[in-house]
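> Could you have a look at this structure, given as structure tokens, before my questions?
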Amino acid sequence: MNATAESYVTEDGRTIGAPVMEMKNITLKFGGVTAISNISFDIREGEIRAIIGPNGAGKSSMLNVINGFYHPQEGEIWFHGEKRKPMKPYQIAQQGIARTFQNIALFKGMSTLDNIMTGRFTHMKTNMLMQAIWKGPAEREENLNRDIVEHVIDFLEIQAIRKTPVGRLPYGLQKRVELGRALAAQPKLLLLDEPMAGMNVEEKEDMSRFILDVNDEFGTTIALIEHDMGVVMDISDRVVVLDYGKKIGDGTPDEVRNNQDVIDAYLGVAHD
Amino acid sequence: MFYRESGDFKTTYAKDTQTFPIKLDRMGYYTILAIAFVVIPTMLVMNVGGGANYWTNAILLPFLIWAIASIGLNILVGYCGQLSLGSGGFMAVGAYASYKLMTSFPDLSIFIIVLLSGAITAGVGILFGLPSLRIKGFYLAVATLAAQFFLVWMFNKVQWFYNYSASGQISAPTRSVFGFEVTGATASAEAKYLFCLVLLVGVAWVARNLTRGRIGRSWMAIRDMDIAAEIIGVAPLKTKLSAFGISSFFIGIAGALFFAVYLGAAEVGEAFGIQKSFLLLFMVIIGGLGSIFGSIIGAAFMVLMPVLLKNIMVGQLNWATDIAAHFEFVFVGALIIIFLILEPHGLAQLWRLLKEKLRLWPFPH
Amino acid sequence: MKLTKLATFAVTAVMAASPVLADLVFPALSYRTGPYAANGIPFADGYADYFTLVNERDGGIGGLPAQVLECETGYNTEKGVECYESTKGEGALVYQPLSTGITYQLIPKATADGIPIHSMGYGRTSAANGDVFGNVFNYPANYWNGASIAINHLLEINGGDLSGKSISLVYHNSAYGKEPIRTLEVLSEKHGYDLTLQPVDHPGQEQKSQWLQIRRERPDYVIMWGWGVMNTVAIQEAVNIRFPMENFIGIWWSGSENDVIPAGVGANGYKSLTFHGVGDGYPVYDDIQKYVVDTGKTAGAGDQIGTVIYNRGMYAAMLAVEAVKTAQAIHGVADITPAMMRDGMEALEMSEEKMASLGLPNFGPAFSVSCENHGGPGLGAVAQWDAEAGSWNMISEYGPSDMDVIQALIDDDSAAYAAENNIESQCN
Amino acid sequence: MSANFFYTIEVIANGLMTGVMYSLVALGFVLIFKASGVFNYAQGVMALFAAMTLVGIQSGQVPFAHLINVIFGTHLDKFGWEVPTFIAIILALLVMIGFAFIVERYILKHLVNQDPIILFMATIGLAYFMEGFGDLMWGSEIKKLDVGLPQGGNVWLESATAGWADGFYGFYLDNLDMWATAIAIVLVASLIAFSNYTKTGRALRAVADDNQAALSVGISLRTIWVIVWSLAGFVALVAGIMWGAKSGVQFSLSLIALKALPVLMLGGFTSIPGAIVGGMIIGVGEKLFEFAIGPYIGGATENWFAYVLALLFLVFRPQGLFGEKIIERV
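Now the structure itself:
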């Protein structure tokens, strides 16, 4: 395990920095059910960090804790070296954490462009009066942000569906638009909840490429949940493995692959 | 091929986001504005056919005022997805605010009074919007009825609101803008019309600006999926309250105009009762949720149709008035159902579909 | 555009409704639908039938046929505006809105257009001051007269002394229902009774709280200012708590057959104020039978003739016809204008002989109108319901109201209106 | 014990029974909402229409008499016979069932899978339609409804309890209200029995739980809709009779729907017991408030207080008393 706080350079030449987010002894309960029990791990700057585990392992709950949708009963969350106070999800978004969802959560009544523009929300500041007048600051700000969004659109190769209502798009493209919306926020930390669920091989390849490119080009730190082991092992720098709300492994893909607990969990050894 | 958008390329973002990106639409828009601002007032001044007063007081004024209110409610229901049945009560706030302002500050311009009335209504709207953080859907709709009934009761009960008059009726004194009277019985048809028209155009313009930018997108995000919206940084309460505020601002303006310019005298239970809340919701849904153009044609439809039906049945066919009135209910009800079946997304969507057809015409393939 | 097409269609539709000019036009803003239809129908029938009678029997008024332009308002103010605007261009002589809300709204409009309004026994009470409200008439009696007449009736029963008695006012929680409060308060100071107020919200379907309270507090008398279903329910609830019906008095809008019949025999003895005769025992009904019913020209189904509200509608029409005759006499032309009509109304004199000659002997109080006084003498009578016979019986003569008290209130309220709207004296 | 104490009890008892009268209207809403997710605004007008039909049949009125007279110049009014109450109720019920078929055939069928708000608006359109149609059919004058239910305060109870305290005149309870309460209890019991012990009832519940699942086991959604709308028509008829006996049958009867809405909010849109309990809470709440606070703030508080009470309740329990818990997921 990489216990050091110093940065290092990966084989393909990317720089991995100090931890941006540290989860310390997180426990989350729903009524009597413990979804996450005493889990600690960190996410380093610039890395692709995967969270894996069988169904019901607490992966999605973990993401929900990170972006403030759930509030853990115990444990601490440190972001950029500061202990985070209990916050509402939108405040956490304003700190620079963006995410996508397992079941697509696009705004169905809006076009692709508008959906991605919504991702710029936290960066836009003109007040209501200026908005009402439009000409002047509001329009300027809109165009500046439009420029950024157009880059995202180019990057994800979805120019052709710019004005299409997202409800009409096929599944794979919707996933891509959702990624675009998260990217538009230029987040410090990007959470991806099963970005490749339900995709065919080609779509998965495309998506993997986008994730790697995002990480490479913008240096975005990414934490993702994924079921497809092949993909996870291919693209992530480090992997944390959960099972029944407990952490059973953490390390590079190779380390995890050889971890006996992980093998047991995936092969379905009975729990006592 | 009458309606074309090809060959109409945009080279800047500003041009791409303009309200009417297609040249033909733009021309239509300017034509309508020209008719509204020049042709109709000229006709009113010349009193073509002797019907200037009828047209203004029975058709144009209610249409313009309802269109303002309808845009207001569409912001809340159509853009932000918060179902409200309190609009009648909010219109009453606008009306009584304008009455108090008119009688307390006789020299204040009616234009300022109307805007201030809107602002006061916005405050009340925000207050009654607070429960929307926890209450959703139909539950919220029913909850907003609390505002409707409470406000009506309050304006009926607290004598200060109607200056302690014996019956509780409020009557609008004569007030003017730039020397032209717009309220009171002696105001000319064209002055009243233009005053409301200017406000409608202003409201539509502001609504369009708000809905195309950051705030509008945050409203729609809350409407489409409130949890996802919150997770990308939209504060739910603030956003919902801003929609309640803006919506009530417009509805308050409409309420003030409804009382001061259109009716001239009002009593809260009758002029701003629960029926008004429903009527407004009709306009918004028939016109098209989430469409400013739809709000306007929805208002036109709901104002014009009963008058038209009545004039045909009583005026043309000489039916007994009560039978005509019963049939009016039957027809209005049936038309609403038929429209919903044909196009649940409202007249605005019907118009869009028509344009798409026209674009391909006469070669649909 | 589609819209303009619709609009032109609407224009032609409106235009085509134009009657032959030279008729005397009487718009009737009626309501045969909506929450108050049950009362609106007989009034509209009575109003229209009388004009039909005059046309059929007398060949019109001064040789010109009367035309009733009926326009359905459904008791709705906006429709009232539409009706007003669509009929006023047709040469409308006088408006009878039959709704307090619409009356308030038409007062400034009709005044600006120079068309008189006759709000008979409703509307804005202070319009009785003709010096301020030049175009509005509310003879022969208004709400404040009504309140005073009710108190006078109670005074009479109690040998002229009401001190220590308690009176409860059950009222429609609207402009209309609030009208009598001030008068009753002033009168309570004068006569020493206690007044409690019981508002009932529109429509008044549910009045349990109010009547439980009345049962607890046992007021000596209950006065009611109700309309529509509120009357029916109130009388039923009064019967239910076994409130003595002879101590229950309604204003004239709370005293129709519709209000008492549903309560059955229990309603026997209920009292109501009135400013005109009840029943169909007047000669004019023979004429109505002969010229209107038998010729199949009734406005409605013809089943309302002789009911209280029908009589009231007919009375309103009769007063309008007499005002036209007066106007024709003053100006010497048959085809009068609204302004002339106004003069006719202001000079209207209703004497016993005149009423008798019209087949309506002693149907209403004798009165005359003047420039200052548009409200008449404020006379009214009390009628009582006989459930066995299913008819109303007059139990008093047309008695006076306390004009000392009322005139002061009228002057105050009209002065305030005059100040708010910069109205100059109309009579000097 | 002071008289005021007994009067408070009296107010509570009357509030409970008024609440049951509200519940009768709310029940119709719940039935339809539970089975089809449609918020049926027309329920109040249905009650009016059902009551009008009942009176019309009972008194032998010619339907559309006024319209026919105007068109053909005839003088139709009544057939001249009177139909016994029981048969008239059956016939009125048949009319309501026929109405349910028409609603399904011409409206609901075409609006499957639309947004709830669209369906809601369609029912408002339906309310307008029925209002005009009912008036055309039976006329808009007020009608007396008499199905033989007793009216007025219960004399026995009143005299038995009079004098329990100084200045206490005995408990006042309306016979009609007591009948309504009894009928409502029977109605609810039979509705619950129907949905638990009959095949159709179980099918209804299946549809309420999961549209798709119900379809996949071969329950026709269209049949279900006809059944629930018929049931709602039946409930509307009962409500129409009860309210119509109080006030006569006239337009304002349709406005009782507005008194049922806070009841629904409080009880939850999907719960039959919720409609009853919600009705009682609203009934007692508004009557007590009017009794205790009303006189100090001018009275006539019942209309808004019912909504405010429901609103306060919802802030703490957004799904209503018995509504299904709203779970939010991402």
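Chains as they are written, first to last, in my numbering: chain R, -1 to 270; chain Z, 3 to 367; chain S, 217 to 644; chain P, 157 to 486.
Just so it is clear, CB atoms sit at the ideal spot from N, CA and C, and this is done for glycine as well.
Nearest-angstrom Cα distance between P:Ile168 and S:Asn389?
Indexing the fourth sequence from 1 puts residue 168 of chain P at position 12. Indexing the third sequence from 1 puts residue 389 of chain S at position 173. Going from the Cα of P:Ile168 to the Cα of S:Asn389 covers about 24 Å.
> For a quick check, are the C-beta atoms of P:Pro418 and P:Ile397 less than 7 Å apart?
As a working note, residue 418 of chain P is residue 262 in the fourth sequence. As a working note, residue 397 of chain P is residue 241 in the fourth sequence. No, these two residues do not count as a Cβ contact at 7 Å.
> Within 10 angstroms of its Cβ, does Z:Arg225 collect 16 or more other Cβ (buried), or is it exposed?
Here the question's residue 225 of chain Z lines up with position 223 in the second sequence. By the 10 Å Cβ count, Z:Arg225 comes out buried.
> Are at least three pairs of beta-carbons, each pair with one atom in the region 288 to 301 of chain P and one in the region 402 to 416 of chain P, less than 8 Å apart?
Judged by Cβ distances under 8 Å, the region 288 to 301 of chain P makes contact with the region 402 to 416 of chain P, as three or more pairs qualify.
> Kindly list the residues whose CB is nearer than 8 Å to the CB of P:Ala244, restricted to its own chain and excluding five residues on each side of it in sequence; keep chain order.
Within the fourth sequence, the letter at position 88 stands for residue 244 of chain P. So the qualifying residues of the chain are Leu210, Ile213 and Gln214.
> Quick check on R:Ile114: buried or exposed, where buried means 16 or more other Cβ atoms within 10 Å of its Cβ?
Position 116 of the first sequence, counted from the first residue, corresponds to residue 114 of chain R. So R:Ile114 ends up on the buried side.
> Is it the case that the region 50 to 59 of chain Z contacts the region 95 to 103 of chain Z, given that we only count it when at least three CB pairs across the two stretches are under 8 Å?
With the cut-off at 8 Å, the region 95 to 103 of chain Z and the region 50 to 59 of chain Z do not touch.
> Can you tell me where the alpha helix (DSSP H) with Z:Leu103 in it begins and where it stops?
Counted from its first residue, the second sequence places residue 103 of chain Z at position 101. It spans Ser89 to Ser106 - the alpha helix (DSSP H) in which Z:Leu103 sits, taken as one unbroken run.
> Short of 9 Å Cβ to Cβ, which residues in the region 405 to 430 of chain S face chain Z?
Under the 9 Å Cβ criterion, the region 405 to 430 of chain S contributes Pro415, Asp417 and His418.
> Go to R:Asp241, then tell me how far its beta strand (DSSP E) extends in each direction, as first and last residue.
If you number the first sequence from 1, residue 241 of chain R lands on position 243. From DSSP, the beta strand (DSSP E) with R:Asp241 extends over Arg236 to Asp241.
> At a CB-CB cut-off below 7 Å, which residues of chain P make contact with S:Val455?
Mapped onto the third sequence, residue 455 of chain S falls at position 239. Those within 7 Å of S:Val455 in chain P are Gly308.
> Report all residues from its chain with a CB closer than 6 Å to the CB of S:Ile457; omit the five preceding and five following residues, and keep chain order.
On the third sequence, position 241 is the one that residue 457 of chain S refers to. The answer, listed in chain order, is Trp427 and Arg431.
> Kindly indicate if chain S contains any beta-carbon less than 7 Å away from that of Z:Asp27.
Numbered from 1 along the second sequence, position 25 holds the residue referred to as residue 27 of chain Z. Cβ-Cβ to chain S under 7 Å: no for Z:Asp27.
> State the start and end residues of the unbroken beta strand (DSSP E) segment that holds S:His388.
Within the third sequence, the letter at position 172 stands for residue 388 of chain S. Segment Ser382 to His388, the beta strand (DSSP E) holding S:His388.
> If I measure Cβ to Cβ from Z:Glu345 and keep anything under 7 Å in the same chain, skipping five residues before and after, which residues do I get?
Taking the first residue of the second sequence as position 1, residue 345 of chain Z is located at position 343. Counting only Cβ-Cβ distances below 7 Å, and skipping sequence neighbours, we find Gln351 and Leu352.
> Along chain S, in chain order, which residues have C-beta atoms closer than 9 Å to that of Z:His328?
Taking the first residue of the second sequence as position 1, residue 328 of chain Z is located at position 326. Result: Arg248 and Thr249.
> What residues in its chain sit with their C-beta under 6 Å from that of R:Gly212, if we drop five residues either side in the sequence?
To locate residue 212 of chain R, count along the first sequence from 1; it is residue 214. It should be noted that the sequence gives Val, not Gly, for residue 212 of chain R. The answer, listed in chain order, is Thr218.
> By the 10 Å Cβ neighbour count, where 16 or more other Cβ atoms means buried, how is Z:Leu356 classified, buried or exposed?
In the second sequence, residue 356 of chain Z corresponds to position 354, counting from 1. Counting Cβ neighbours within 10 Å, Z:Leu356 comes out exposed, since fewer than 16 surround it.
> State the beta-bridge partners of R:Pro17 as determined by DSSP.
Counted from its first residue, the first sequence places residue 17 of chain R at position 19. According to DSSP, which records beta bridges pairwise, R:Pro17 is partnered with R:Arg42.
> Relative to the C-alpha of S:Leu385, which candidate in S:Gly408, S:Arg398, S:Leu413 and S:Ala391 has its C-alpha closest?
For the purposes of this step, residue 385 of chain S is taken as the residue at position 169 of the third sequence. Ranking the options by Cα distance to S:Leu385, first place goes to S:Leu413.
> Mark S:Tyr247 as exposed unless 16 or more other C-beta atoms lie within 10 angstroms of its C-beta, in which case mark it buried.
For the purposes of this step, residue 247 of chain S is identified with residue 31 of the third sequence, where counting begins at 1. That one is buried.
> Could you tell me whether the Cβ atoms of Z:Ala301 and Z:Ser72 are closer together than 7 Å?
Residue mapping note: residue 301 of chain Z aligns to position 299 of the second sequence, counting from 1. Residue mapping note: residue 72 of chain Z aligns to position 70 of the second sequence, counting from 1. In contact: Z:Ala301 and Z:Ser72 (Cβ atoms closer than 7 Å).
> Ends of the alpha helix (DSSP H) at Z:Thr323?
Within the second sequence, numbered from 1, the residue matching residue 323 of chain Z stands at position 321. Residues Thr323 to Leu344.
> For a cutoff of 7 Å on Cβ pairs, would you count Z:Leu349 as touching chain R?
Locating residue 349 of chain Z in the second sequence gives position 347, where the first residue counts as 1. No, because no Cβ of chain R sits closer than 7 Å to the Cβ of Z:Leu349.
> According to a CB-to-CB cut-off of less than 7 Å, which residues of the region 153 to 168 of chain Z neighbour chain S?
The region 153 to 168 of chain Z vs chain S, Cβ under 7 Å: Asn158 and Ala168.
> Closest by CA to S:Gly482, which one among S:Asp496, S:His492 and S:Pro460?
Within the third sequence, residue 482 of chain S is the residue found at index 266, counting from 1. The shortest C-alpha separation from S:Gly482 is found at S:Pro460.
> Just to confirm my understanding: we take R:Lys186, look at its own chain, exclude 5 residues before and 5 after, and list those with CB closer than 6 Å. What are they?
Here the question's residue 186 of chain R lines up with position 188 in the first sequence. Correct list, in chain order: Gly94.
> Look up S:His492 in the DSSP assignment and say whether it is helix, strand or coil.
In the third sequence, residue 492 of chain S corresponds to position 276, counting from 1. Three-state result, S:His492: coil.
> Against chain Z, with Cβ distances strictly below 7 Å, would R:Thr250 count as a contact?
As a first step, residue 250 of chain R must be located in the first sequence, where it is residue number 252. No, R:Thr250 does not count as interfacial toward chain Z.
> Can you tell which of S:Gly337, S:Tyr614, S:Glu565 and S:Thr511 has the C-alpha that lies nearest to the C-alpha of S:Pro396?
Within the third sequence, residue 396 of chain S is the residue found at index 180, counting from 1. Comparing Cα positions, the closest option is S:Gly337.
> Using beta carbons (cut-off 7 Å, strictly below), is P:Phe407 in contact with chain S?
Against the fourth sequence, residue 407 of chain P aligns to sequence position 251. Yes - at least one Cβ of chain S is within 7 Å of the one on P:Phe407.
> Does the distance from the C-beta atom of S:Tyr320 to that of Z:Gln171 stay below 7 Å?
The residue you call residue 320 of chain S lines up with position 104 of the third sequence. The residue you call residue 171 of chain Z lines up with position 169 of the second sequence. Their beta carbons are under 7 Å apart, which means S:Tyr320 touches Z:Gln171 by this criterion.
> What number of angstroms, rounded off, separates the C-alpha of Z:Phe329 from the C-alpha of Z:Tyr164?
Within the second sequence, numbered from 1, the residue matching residue 329 of chain Z stands at position 327. Within the second sequence, numbered from 1, the residue matching residue 164 of chain Z stands at position 162. Distance between the alpha carbons of Z:Phe329 and Z:Tyr164: 37 Å.
> State the CB to CB distance for the pair Z:Leu46 and Z:Tyr166, rounded to an integer number of angstroms; the pair is presumed to be in contact (CB under 8 Å).
Looking up residue 46 of chain Z in the second sequence gives position 44. Looking up residue 166 of chain Z in the second sequence gives position 164. About 37 Å separates the two Cβ atoms, so there is no contact after all.
> With C-beta atoms as the reference, is Z:Thr323 less than 7 Å away from S:Glu473?
What you label residue 323 of chain Z is simply residue 321 of the second sequence in a count that begins at 1. What you label residue 473 of chain S is simply residue 257 of the third sequence in a count that begins at 1. No; because the gap between Cβ atoms is not below 7 Å, this pair is not in contact.
> Cα-Cα, which of P:Glu458, P:Phe447 and P:Tyr328 is closest to P:Gln307?
Here the question's residue 307 of chain P lines up with position 151 in the fourth sequence. Nearest option by C-alpha distance: P:Tyr328.
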